[in-house]
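See structure below.
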Amino acid sequence: MPDIYPGMRFFSRKLIKPEDLNAHGTLFGGSVLAWIDEEAAIYVICQLGKGNIATKFMSEIDFVSSAKLGDIIEIGMETVDFGTTSITVKCEVREKFSKSTIIRIDKIVFVHLDENGRPIPHNISKPVN
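Start counting the sequence shown at 66; every next residue gets the next number (the numbering used here).
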């Protein structure tokens, strides 16, 4: 199966456990969205080489398929753009072995903040890490 996002880098893997399931016995969307937000934040902090960021925006979330108990999923990130105070990434969550896409998010925007929670320039134009 060809990669939809050839520049996507997959860092984290999760084993789907009973507490990750919804009433239908498949992966609960809220669980995977929390994992995506955390993974994206870590990815952005590494890209900028500095912390103090906040999630500003998440585009449409495309639930392509689901995962079931015992599946191993992996979360991939790719940098899309560097703004003055922001960085935009995209995400794909897929099943580890079949590589079938579970969720796709084309745009997640993070903003670099000062100590008062206001956007400030990060002065980065390409990934640090």
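Just so you know, even glycine gets a beta-carbon here, dropped at the ideal spot from N, CA and C.
Here the structure is a predicted model, which is why all the values come from computation and not from measurement.
Nearest to Asn188 by C-alpha distance, out of Ile152, Pro83 and Gly182, is Ile152. With a threshold of 16 other beta carbon atoms within 10 Å, Arg183 falls short and is exposed. Counting only runs of 4 or more residues that sit fully inside the stretch 107 to 146, no alpha helix (DSSP H) segment turns up.
Only exposed fits Asp146, as fewer than 16 other CB atoms lie within 10 angstroms of its CB. Note on Val174: 16 or more other CB atoms within 10 angstroms of its CB, so buried under the neighbour-count rule. Cα atoms of Thr91 and Arg78: separation of roughly 17 Å, rounded to the nearest angstrom. Under a 10 Å Cβ-count criterion, Leu113 is classified as buried, with 16 or more other Cβ atoms of the shown protein chains found around its own Cβ. Residue burial annotation: His177 is buried, with at least 16 other C-beta atoms found within 10 angstroms of its C-beta. If you draw a straight line from the Cα of Cys111 to the Cα of Asp136, it is about 28 Å long. In the three-state reduction of the DSSP assignment, Pro184 falls in the strand class, which pools E and B. Between the C-alpha atoms of Tyr108 and Met142 there is a straight-line separation of about 7 Å.
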